[in-house]
Every structure is written in structure tokens, then in C-alpha cells.
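Protein chains in written order, with this note's numbering: chain W, 134 to 398; chain G, 134 to 398.
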């Protein structure tokens, strides 16, 4: 098997190309993957030289960029942006995977235009790999499709199961459907209908409904939901974890301060 | 102003009447509120006697009960359950508030039947008071209405604002609409339409859209959403907090064990 090659949008993220280039160099050295950086060639070559990696990482020039807050329109899709140029390399077989820290809506739309979807998949979904008690759960959709039909949820289940098994490396992954109760009769009409579709599909290793509690509790390997609830759920885990860890850090710092104060007195 | 009186369904919860009766006695003693316990009279009087509170808490007999897992049907509404009898006392002016740890769907349905809703409110919502960074946020709906129309979200905003101000005691509460982006154009069609209704209603102190991150971050005082997303969000905060605190406890216990081990050796 030839070395896999990852094509990287060098322009995405909050810290410009510097952080992405450094990450690409590290990935190339540590994991032995081929990396192609896409963006303004001159700037990328300068960054690579700073890391002594001028020869080890390929650079592909893309003259234009998509802003992080840019609203995706036809002109977004038409320009020779780093996202566009990078995805064309996947389409043309010059790369096996695409990475971007950039504008999610632009990545989603351009990927759908340039690569299309698998047969029998109507809509791509965004999947997040959420850490749980000692493992990982694949949660999808986390924001690409705010509203979905039951059939979309069935397709997400199939895609999530394959992704969990082949990419995340989870053995014989089991799929749960996010709802507001364990019973098959709980949830919106679309969720209730999706429960039926998932139960009846022999290709899906279906566990049944799961609830918000279960996302981090390692009940199932894959959790399927619409892009609205999935986005809310993902951001709630992040927000809750951040507040709890900040409060604990403050409490610990406070108790150390008290101890240091006691020593000084 | 006469002493407020709370009517309590003595049968709800995971631990039978014992815990509810003990709580009612404590509330009666500590907060000086009048409490009426509703349930099987004989059993409740025995429990009260165990706490030396036979005279201080009123007992109202209700011969029947609603099971925690009971599916709510017409016969649920028709029986003389503790929920039914308790809510009738609110309707008849014999109590100012109702408390139950029992079957939520039964409470919701019987309350809607016995008490009705306020004028201009089509559907009751379930509100949760979520702790945040140094304060509290009112989140509604957390599960009564899996699907809602934009107008329902507007009504929830008004009810949430009044509840936050008058019951939770938050000063001049501000309302956020849960969505998957800050912009007014983000979310499902119903959420986008609700953003417009909330913006235009002079009775609502509207902040704009909030995201899952913001529930525990004290960005707004009231967060409005449909009962599906709200239920998921609430349970995700609980599940995330539980997993993080368990992991930290295990880590701390582990480090203490290591220290004790070092001392013994």
C-alpha cells in the first residue's frame, strides 16, 4: 500500500497558516504521512523553511481564500480558494484525505460540489468524535443539516457505523438514535419514524434510542441525530466541561493560595 | 399576605412516600410554608408520626396513584390519583403551588386538564433551572413539546422571562433563543421565524441567538428552545458533569492511594 497523502487547507483556523503549517510538519514527521499544503505558495514556503521542512512537505498554490465568517454563495464555490484546490486533489486521486480548520459551511458545500456524495447518500453529515468514559463516541450530524427526514437519519446511521469501524477503529460498533426517552414512541414524529427504519435495516447494528446522558457514558459507539440537536449536544458537552474544569481549577488555586497564606503567617 | 401553601404529591419519586414526607416536614419547619401532603391517608399519618410532625402538616387522602412508568391515557386522567387530587386543590384556591416528583407526563396532562393554561398560552412548557457560572439559567422547554411552532417559542419566552423574574428572582432577565449559530439566519426554519417574533415583541427582553456553549456560561438568564433540543441539552449537561466529576474523583482517589502507598512503604 502506498503512503497515504493528506491534503491540507493551510488557510483555515484562528491563527492563520503558521499553526497549520507547524501541524503539517509535525504530522509528516511523526506519523509518516504525505502532506500537501494548499494556499499562497510564497508564504507557505517561507513558513516551511522556518521549520527546516522545505523539502518534506509538498506545496500547492491557491491564489484565493474563503473567510472564516464568509457567507457561502455561488462566488465562494467559484473562486480558486485553498479549499477548492485542495478538494480537487482528492477528486483527482492526488490525495486520500482532506483536512481544513476553515469555514465549515464552505468546506461542506465545496466538498459536495467537487466530490459529490456516495450513491444512496442524499446529504453529507458532520461527524464529531466525542471522548467518553474511557473511549470515543461518534456523534453525527453535528450541524450540517438543521432539519432532516427519517431516511437521512438512516443514511447517517450507515455512514456513522462505517466511519466508527473503519476510521475510528471501534470494533463492531453499535448505533443509538438520540431521543428524549428510551421507548420507541418517544421523540418527534421524524425520530419515531427513524427508529422504525433503523430497527428494520439489517445493515445497521441498532441499539435503540439513547438520551443526552448517554453521549459521554459509553452506552453506544455511534449516536445519530439531526444537525440542530447534534450541534447543541456537542456544544453543551464543551460548555459544561469548560465551566466545571474552570471552577475546579479556581477552587484548587484558592485552596493552594490558602495553604501558602497559612505557611507565610 | 397569608402564609403560602404548597400541595405535595406524596407518591412520586424513586423512594416512595418516605422521602417526600421527610422533605415536606423539613420544608414546613425551615421555610415556614404550609404543606398539604396528598396520598394514602393512613400511610402518610404513620410517616408524619415518625417525624413527630403529626399536627404540623395537613394530610389529604387520595385513594389511587399513577405509576412512574405508566403510559398516560384517559384512565390516568380519570382516576382519583394523588396528582389529580393535589391539582384540584390548586384549582379550588386551597393551595398556591403544586409539587410532585412523580410521572412527568401525567403531571403535565392532568395540570393542563384541571388548571388549563393562561390566556394566550397554547401549551405549557417544562422549565429547568440550570446552575451556571455563579448563577442560574432558566431553560425551557425541556421535554413537554417535542415539536413546536415559532409562536410557541415566543410564548415560552414570555413565560420564561416572568418565571425567571418572579420565581427565580433574577433581575431584569434577558432571553436567548437556542440555535446553532449567533446569526439570525442560523437554525431550522421554525427557529429563524421565532428569532423574528422574539425580536419584534416589545414584551420580550431579547438578547438574540445563543448556542449550546452558553447554557452554563451565564450569557443570558432564560434560554428558549423546543422540548426535544431542550431535553437533550439538559441531559447532556447532567451526563457530562457526572462523567467529568467521576473521572476526577477516581484520579484524586488514585493519587491519594499512591501517597498512602508511599507512606506505608
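The beta-carbon is built from N, C-alpha and C at its ideal position, and this holds for glycine as well.
Asked	Found
Where residue 167/G sits in the DSSP three-state scheme	strand
Proximity test, Cβ basis, 8 Å: residue 372/G and chain W	yes
Residue 289/G, buried or exposed, once every other Cβ within 10 Å from all chains shown has been counted against 16	buried
Distance CB(residue 258/W)-CB(residue 236/W) smaller than 8 Å	no
Nearest-angstrom beta carbon gap, residue 308/G and residue 337/G [assumed within contact, 8 Å]	6 Å
Alpha-carbon spacing of residue 359/G relative to residue 314/W, whole angstroms	15 Å
Any chain W beta carbon closer than 8 Å to residue 365/G	yes
Test: residue 382/G CB closer than 8 Å to a CB of chain W	no
Neighbour-count burial assignment, residue 304/G, 16 or more Cβ in a 10 Å radius	exposed
Members of the segment 264-277 of chain W that neighbour chain G once the beta carbon cut-off is set at 8 Å	265, 266, 276
Presumed contact (8 Å Cβ cut-off) between residue 228/W and residue 213/W, rounded CB distance	17 Å between Cβ atoms; not a contact.
Interface partners of residue 308/G on chain W, CB under 8 Å	What residue 308/G touches in chain W: nothing, since even the nearest Cβ is about 17 Å away.
CA-to-CA distance, residue 193/G to residue 326/G, given in whole angstroms	47 Å
Classification of residue 261/G by the beta-carbon crowding that lies within 10 angstroms, buried from 16 upward	buried
Integer-rounded CB distance, given that residue 361/W should sit under 8 Å from residue 362/G	6 Å
Chain W contact for residue 205/G (CB, 8 Å cutoff)	no
Three-way DSSP call (helix, strand, coil) for residue 199/G in this model	coil
Residue 181/G at chain W interface by Cβ criterion, 8 Å	no
Span of the alpha helix (DSSP H) around residue 273/W	Not the alpha helix (DSSP H): residue 273/W falls in the beta strand (DSSP E), residues 268-273.
Minimum Cβ-Cβ distance from residue 398/G to chain W less than 8 Å	Unreliable placement is indicated for residue 398/G, whose pLDDT of 44 sits below 50; the coordinate value is still reported in the next sentence. No - not a single Cβ of chain W is within 8 Å of the one on residue 398/G.
Straight-line gap, residue 176/W to residue 140/W (C-alpha atoms, nearest Å)	17 Å
For residue 380/W, the three-state DSSP class (helix, strand or coil)	helix
As assigned by DSSP and simplified to three states, the class of residue 398/G	With a pLDDT of 44 at residue 398/G, under the threshold of 50, the modelled position of that residue is not reliable, and the figure given next carries that caveat. Correct three-state label for residue 398/G: coil.
Chain-order list of residues whose beta-carbon lies under 8 Å from that of residue 161/W (same chain, five-residue window excluded)	167, 168, 186, 189, 190
Residue interval of the beta strand (DSSP E) (run including residue 261/W)	260-265
Buried/exposed call for residue 379/G, threshold 16 Cβ in 10 Å	exposed
Local Cβ density within 10 Å of residue 296/G, reported as buried at 16 or more and exposed below that	buried
Where the segment 279-307 of chain W meets chain G: residues whose CB sits under 8 Å from a CB there	279, 280
Nonlocal neighbours in the same chain, by C-beta distance under 7 Å from residue 224/W, ignoring five residues either side	247, 248
Run of the alpha helix (DSSP H) containing residue 179/W, from where it starts to where it stops	174-183
Cβ-Cβ distance between residue 153/G and residue 143/G below 8 Å	yes
Inter-residue CB distance, residue 343/G and residue 310/G (contact presumed, cutoff 8 Å)	7 Å
Between the CA atoms of residue 145/G and residue 198/W - distance to the nearest angstrom	59 Å
Status (buried if at least 16 other CB within 10 Å, exposed otherwise) for residue 312/W	buried
Coarse secondary structure for residue 161/G, derived from DSSP in three states	helix
Status (buried if at least 16 other CB within 10 Å, exposed otherwise) for residue 164/W	exposed
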